[in-house]
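A.B. asks: Take a look at this one; I'll ask things after.
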Amino acid sequence: MRIIPILTALLVTAFLFFLVVKRESLLGFAGVDTAQTDTTQQDEAEPEGAAKPQRAVGVIAVHSQAREIDSAVLLRGQTEAARQVDVRAETSGQVVSEPLRKGAFVEKGQILCTLDPGTRASSLAEAEARLAEARARIPETEAQIPRAEAQLEQARAQLEEAQINDNAARKLSRGGYASDTRVAQTAASVRTSEAAIKSAEAGVKTAASGMLTVDASIQAAEAGVAAAQKEISRLTLRAPFEGILESDTAELGALLQPGASCATVIQLDPIKLVGFVPETQVSRVKVGALSGAKLTTGQTLTGKVSFLGRSADPLTRTFRVEIEVPNPNLMIRDGQTTEIIIGAEGSKAHLVAQSALTLNNEGLLGVRVVDAQSLARFMPVTLLRDSVEGVWIAGLPEQVDIIIIGQEYVVDGVPVAASFEDPAQ
1 MRIIPILTAL
11 LVTAFLFFLV
21 VKRESLLGFA
31 GVDTAQTDTT
41 QQDEAEPEGA
51 AKPQRAVGVI
61 AVHSQAREID
71 SAVLLRGQTE
81 AARQVDVRAE
91 TSGQVVSEPL
101 RKGAFVEKGQ
111 ILCTLDPGTR
121 ASSLAEAEAR
131 LAEARARIPE
141 TEAQIPRAEA
151 QLEQARAQLE
161 EAQINDNAAR
171 KLSRGGYASD
181 TRVAQTAASV
191 RTSEAAIKSA
201 EAGVKTAASG
211 MLTVDASIQA
221 AEAGVAAAQK
231 EISRLTLRAP
241 FEGILESDTA
251 ELGALLQPGA
261 SCATVIQLDP
271 IKLVGFVPET
281 QVSRVKVGAL
291 SGAKLTTGQT
301 LTGKVSFLGR
311 SADPLTRTFR
321 VEIEVPNPNL
331 MIRDGQTTEI
341 IIGAEGSKAH
351 LVAQSALTLN
361 NEGLLGVRVV
371 DAQSLARFMP
381 VTLLRDSVEG
391 VWIAGLPEQV
401 DIIIIGQEYV
411 VDGVPVAASF
421 EDPAQ
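Using the numbering used here, read the sequence shown as starting at 1 and increasing by one per residue.
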């Protein structure tokens, strides 16, 4: 039983002997080139500061020439009705009109819902009666003004007469021809006449204020009539513009409260195409720019930009853009998905494969190019749009050698051995 451990120990001892003492013979028996092994060991033994020649990295590149393109802005959006309104009741009442079904075309001002008037007609008649009563008081009140003014003139005449008698009595009293009693009587007459004038003036003011009261009563009665008429006008709900009913009008016999919906009316001619432009391209979109669109049904549309938002969406940082498109046959519906292209000024751009794009350490999008010294260089670019052939990018010189394969294995300053391909391949 002990012979197996002894044999194992002998075999290990023999292997260590050949590995240490007879190493070259063992490597030769294994088929390893000892000269190459020695060279490798010498290389590993070289000091760290020794300069080593840098080998060029093989890459594949293309000679790219910038071309003039129509740098249109591409968006995805949807169609939207030009106007949409929920016609709602402003007063309470029971519907007494037959309903109109959704999908029906309505003209501007067409009746959608009619509510039961109830006692509103009686309220209007009562308000009109109060107005007539207030107006009937006008002649009587106006007649009081001349009467009060006549009393005022009479009081003034009496004052003049009293003043004359008083003066005469005073002169006669100084000559001894009139008694003091008479002088006192004439002075009292003067004071009585003055009091009569003040009373007459107060009567004139009272008559004038009475006329103002009548005018106020008339205005209040007219306001009551207008309020009653307005309340009656609210019983009829009309279409604010011509369009299509998106929902049935309120059913006959339904009770509508203030704010309850009678119907929804939408206007589809013209129709709007709505999209959202990223902040990097919003400066290229102008109001009035020609635009085109393609619906998912294949239908193509043309129009002009009618609105460009000035405030960005706080979540997506995009700006709303609207394009107005004629829709006379109402074939375009609200909410359809569409691809939008907005015309913009042309610019120089390069067409490269999307796989050629890369990121630098700062996260900037760009490509790696081969410079005049056959060194790799990173150049940031701006993505204009993509196509079936590749992507159009801007920000590069007119002519440049772009690395399309191997750009991920080189950094700035690394020598490259570029093999060039035909861009058309």
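All C-beta atoms in this analysis are idealised placements derived from N, C-alpha and C, irrespective of residue type, glycine included.
Keep in mind that this is a model prediction, so the values were computed, not measured.
Please classify ALA50: does DSSP put it in a helix, a strand, or coil?
C.D. replies: Within the sequence shown, residue 50 is the residue found at index 50, counting from 1. Summary for ALA50: the model assigns pLDDT 47, below 50, so the residue's position carries little reliability, and this model does not support an answer.
A.B. asks: Please report the distance separating the alpha-carbon of ILE111 from that of THR316.
C.D. replies: By 1-based counting over the sequence shown, the position of residue 111 is 111. By 1-based counting over the sequence shown, the position of residue 316 is 316. Roughly 42 Å separates the two Cα atoms.
A.B. asks: Hey, which unbroken runs of the beta strand (DSSP E) at 3 residues or more fall wholly within the stretch 240-310?
C.D. replies: Here the runs fully enclosed are 243-245, 261-278, 290-295, 300-308.
A.B. asks: What span of residues does the beta strand (DSSP E) with GLY210 cover, start to end?
C.D. replies: Taking the first residue of the sequence shown as 1, we reach residue 210 at position 210. No beta strand (DSSP E) holds GLY210; the alpha helix (DSSP H) holding it covers 180-233.
A.B. asks: Report the three-state DSSP secondary structure of THR79 (helix, strand or coil).
C.D. replies: Position 79 of the sequence shown, counted from the start, is the residue given in the question as residue 79. Note: THR79 maps to strand in three-state DSSP.
A.B. asks: Just verifying my parser: in three-state terms, what is the DSSP assignment at PRO146?
C.D. replies: Position 146 of the sequence shown holds residue 146. Residue state, collapsed to three classes: helix.
A.B. asks: Considering Cα atoms alone, identify which of PHE241, ILE323, GLN299 is closest to ILE332.
C.D. replies: In the sequence shown, the residue the question calls residue 332 occupies position 332. Out of PHE241, ILE323, GLN299, GLN299 has the C-alpha closest to the C-alpha of ILE332.
A.B. asks: Taking just the CA atoms, how far does ALA226 sit from ARG101?
C.D. replies: Along the sequence shown, read from residue 1 onward, the residue named residue 101 stands at position 101. Along the sequence shown, read from residue 1 onward, the residue named residue 226 stands at position 226. The straight-line gap from Cα to Cα measures roughly 34 Å.
A.B. asks: Any idea which residues DSSP pairs VAL321 with across the strands?
C.D. replies: Counting from 1 along the sequence shown, the entry for residue 321 is found at position 321. Beta-bridge pairing links VAL321 to GLY275, LEU308.
A.B. asks: Is ALA221 buried or exposed, if buried means 16 or more other CB atoms sit within 10 Å of its CB?
C.D. replies: To locate residue 221, count along the sequence shown from 1; it is residue 221. The residue in question, ALA221, is buried, as its Cβ has 16 or more Cβ neighbours within 10 Å.
A.B. asks: Among residues of its own chain, excluding the 5 on either side of ALA254, which ones have a beta-carbon nearer than 6 Å to its beta-carbon?
C.D. replies: Mapped onto the sequence shown, residue 254 falls at position 254. Excluding positions up to five away in sequence, the list reads VAL95.
A.B. asks: Confirm, please, whether the CB-CB distance from ILE403 to ALA418 is below 9 Å.
C.D. replies: Within the sequence shown, numbered from 1, the residue matching residue 418 stands at position 418. Within the sequence shown, numbered from 1, the residue matching residue 403 stands at position 403. Cβ distance < 9 Å, so ALA418 and ILE403 count as in contact.
A.B. asks: DSSP three-state label for LEU152, please.
C.D. replies: Taking the sequence shown and counting its residues from 1, one reaches residue 152 at position 152. Residue state, collapsed to three classes: helix.
A.B. asks: Does the beta-carbon of ILE3 have 16 or more other beta-carbons within 10 angstroms, so that it is buried, or is it exposed?
C.D. replies: Here the question's residue 3 lines up with position 3 in the sequence shown. Exposed.
A.B. asks: Would you say the stretch 405-415 touches the stretch 360-377, given that touching needs at least three Cβ pairs under 8 Å?
C.D. replies: Enough Cβ pairs lie closer than 8 Å, so yes.
A.B. asks: Assign SER64 to one of two classes, buried (16 or more other C-beta atoms within 10 Å of its C-beta) or exposed (fewer than that).
C.D. replies: Locating residue 64 in the sequence shown gives position 64, where the first residue counts as 1. Answer is buried; the Cβ neighbour count reaches 16.
A.B. asks: For LYS171, which of helix, strand or coil comes out of DSSP?
C.D. replies: On the sequence shown, residue 171 is found 171 positions in, with the first residue counted as 1. Helix, per DSSP.
A.B. asks: Could you tell me whether the Cβ atoms of GLU322 and SER311 are closer together than 9 Å?
C.D. replies: Within the sequence shown, numbered from 1, the residue matching residue 322 stands at position 322. Within the sequence shown, numbered from 1, the residue matching residue 311 stands at position 311. Going by C-beta atoms, GLU322 is not nearer than 9 Å to SER311.
A.B. asks: Helix, strand or coil for SER97, going by three-state DSSP, please let me know.
C.D. replies: As a first step, residue 97 must be located in the sequence shown, where it is residue number 97. Coil at SER97, not helix or strand.
A.B. asks: Can you tell me where the beta strand (DSSP E) holding ALA418 begins and where it ends?
C.D. replies: What you label residue 418 is simply residue 418 of the sequence shown in a count that begins at 1. Counting along the chain, the beta strand (DSSP E) containing ALA418 begins and ends at 416-421.
A.B. asks: Taking the beta strand (DSSP E) that VAL57 belongs to, which residues open and close that run?
C.D. replies: Counting from one through the sequence shown, the residue named residue 57 turns up at place 57. 57-65 is the span of the beta strand (DSSP E), which, as asked, contains VAL57.
A.B. asks: Helix, strand or coil, according to DSSP, for THR337 in the structure here?
C.D. replies: For the purposes of this step, residue 337 is taken as the residue at position 337 of the sequence shown. Three-state DSSP puts THR337 in a strand.
A.B. asks: Could you tell me if VAL352 is buried or exposed, where buried requires 16 or more neighbouring beta carbons within 10 angstroms of its beta carbon?
C.D. replies: What you label residue 352 is simply residue 352 of the sequence shown in a count that begins at 1. Buried, since its Cβ has 16 or more Cβ neighbours within 10 Å.
A.B. asks: Find the nearest neighbour of VAL381 within the set PRO5, ALA14, ALA66, judged by alpha-carbon distance.
C.D. replies: On the sequence shown, residue 381 is found 381 positions in, with the first residue counted as 1. It is ALA66.
A.B. asks: Return the first residue and the last residue of the beta strand (DSSP E) that THR236 is part of.
C.D. replies: Residue mapping note: residue 236 aligns to position 236 of the sequence shown, counting from 1. Run containing THR236: 236-238, per the beta strand (DSSP E) assignment.
A.B. asks: At what residues does the beta strand (DSSP E) containing MET379 begin and finish?
C.D. replies: Position 379 of the sequence shown holds residue 379. From DSSP, the beta strand (DSSP E) with MET379 extends over 376-380.
A.B. asks: Would a check of beta-carbon distances place ILE197 closer than 9 Å to chain B?
C.D. replies: Protein chain content of the structure displayed is limited to a single chain, and chain B is not contained in it.
A.B. asks: So SER347 is in the beta strand (DSSP E); what residue range does that whole segment cover?
C.D. replies: Taking the sequence shown and counting its residues from 1, one reaches residue 347 at position 347. Its beta strand (DSSP E) spans residues 347-352.
A.B. asks: With ALA349 and LEU384 assumed to form a contact (beta carbons below 8 Å), what rounded beta-carbon distance in angstroms separates them?
C.D. replies: Position 349 of the sequence shown, counted from the start, is the residue given in the question as residue 349. Position 384 of the sequence shown, counted from the start, is the residue given in the question as residue 384. Confirmed, about 6 Å.
A.B. asks: Hey, THR240 and VAL265 are a contact pair by Cβ (cut 8 Å); roughly how many whole angstroms apart?
C.D. replies: Your numbering for residue 240 matches position 240 in the sequence shown. Your numbering for residue 265 matches position 265 in the sequence shown. Checking the displayed sequence, the identity of residue 240 turns out to be Pro instead of Thr. Between VAL265 and PRO240 the Cβ distance is about 7 Å, and since that is below 8 Å, they are a contact.
A.B. asks: Which class does ILE3 belong to by DSSP, given the choice of helix, strand or coil?
C.D. replies: To locate residue 3, count along the sequence shown from 1; it is residue 3. ILE3: helix per DSSP, three-state reduction.
A.B. asks: DSSP three-state label for ASP412, please.
C.D. replies: On the sequence shown, residue 412 is found 412 positions in, with the first residue counted as 1. ASP412 falls in the coil class under three-state DSSP.
A.B. asks: How would you call LYS286, buried or exposed, if buried means at least 16 neighbouring beta carbons within 10 angstroms?
C.D. replies: In the sequence shown, the residue the question calls residue 286 occupies position 286. Label assigned to LYS286: exposed.
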